[in-house]
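Following: one structure in structure tokens, then a few remarks.
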Amino acid sequence: MRYPGGKGRCFQHIISMMPPHDVYIEAFLGGGAVLRSKLPARRSIAIEADPAVVARWAGEKISGFEIVNGDAVEFLSNYQFEGNELVYCDPPYLQETRRKARIYRYEYSRRQHEALLTTLDGLPCHVMVSGYRSHMYEERLKNWIAVDFPGDSHTGPRTETVWLNFDPPEVLHDYRFIGRTFRDRESIKRRRDAISKRIEALPPIERNAILSHLAATYSYHSSLNRRLTGMSDGAERAQQ
């Protein structure tokens, strides 16, 4: 599903910055490349203002998925957060950062961007928001971490930015896409598979001793599987 500003060619960078979470909230769903590609959380909530987009997502078979046809700020302002959520927002690009004035069916004004950033800055959970660098975002999110990554626009390659209200995590919700480039990702997978094969080839008691040592050394105060993989409980359940 192609959509203006879609993340179909760069979702790997965004997913590889997501900390463990049980509830995933994605505002401005659009084509939904990130939501469709990441490991599902226990509950995944999509917010989209465009009824046509909502209709295209009707019947989507993603574990725990639900979609809300409405305004992101209104939803986020009224949602009862528990702290185990991750909110990812990919709003329409600020008009001053675009090369074309109008590219969305449902546009977003400067005032709406300001209201969104105010809301996001006050949420009691992990938050990520992507877009192009601008004075507004740099000023309003000056205390957030900004990470640049290669993106793609209707006129060609462009550098995008994702702002995080948390330090880049060492423990992730989904490790499948770590690496800056395709070559990096393939190299990491080869190293992972080589180490796994060596461990699997050991006698069972030696293999279990190593796994027990890893669990004790890299403990994240949760279940054994979570300590070994860094998955949230929601991601574990989604894979079962």
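Using my numbering, read the sequence shown as starting at 12 and increasing by one per residue.
In this text, a Cβ means the ideal position worked out from N, Cα and C, and glycines have one as well.
One Cα belongs to Arg151, the other to Leu128, and the distance between them is close to 7 Å. Taking a cut-off of 8 Å for Cβ pairs, the region 40–52 and the region 173–180 do not touch, as fewer than three such pairs fall below it. Between the beta-carbon of His146 and that of His32 there is about 31 Å, and that puts the pair past the 8 Å contact cut. With fewer than three CB-CB distances shorter than 8 Å, the region 63–71 does not count as touching the region 85–96.
The continuous alpha helix (DSSP H) containing Glu150 extends over residues 146–151.
Under the criterion of beta carbons closer than 8 Å, Ile56 and Val79 qualify as touching, at roughly 7 Å. Between Met29 and the set Asp82, Val64, His184, Glu211, the nearest pair of CA atoms involves His184.
Here DSSP, grouped into helix, strand and coil, assigns Asn80 to strand.
Note: Glu171 is bridge-paired with Phe160 in the DSSP secondary-structure output. Taken through DSSP and simplified to helix, strand or coil, Arg116 comes out as coil. For Ala226, DSSP assigns no beta-bridge partner whatsoever.
With fewer than 16 neighbouring CB atoms inside 10 Å of its own CB, Gly81 falls in the exposed class. Within the DSSP secondary-structure output, Ile36 pairs in a beta bridge with Ile56, Val98. Following the DSSP letters along the chain, one finds His137 in no alpha helix (DSSP H) but inside the beta strand (DSSP E) bounded by residues 137–142. Each residue's CA atom was taken as its position, placing Tyr143 and Tyr99 some 15 Å apart. With a cutoff of 8 Å on beta-carbon distance, Leu97 and Tyr35 are scored as near each other. Where Arg196 is concerned, the enclosing alpha helix (DSSP H) starts and stops at 193–211. For Phe188, the three-state secondary structure derived from DSSP is coil. At least 8 Å separates the beta-carbon of Arg47 from that of Gly75.
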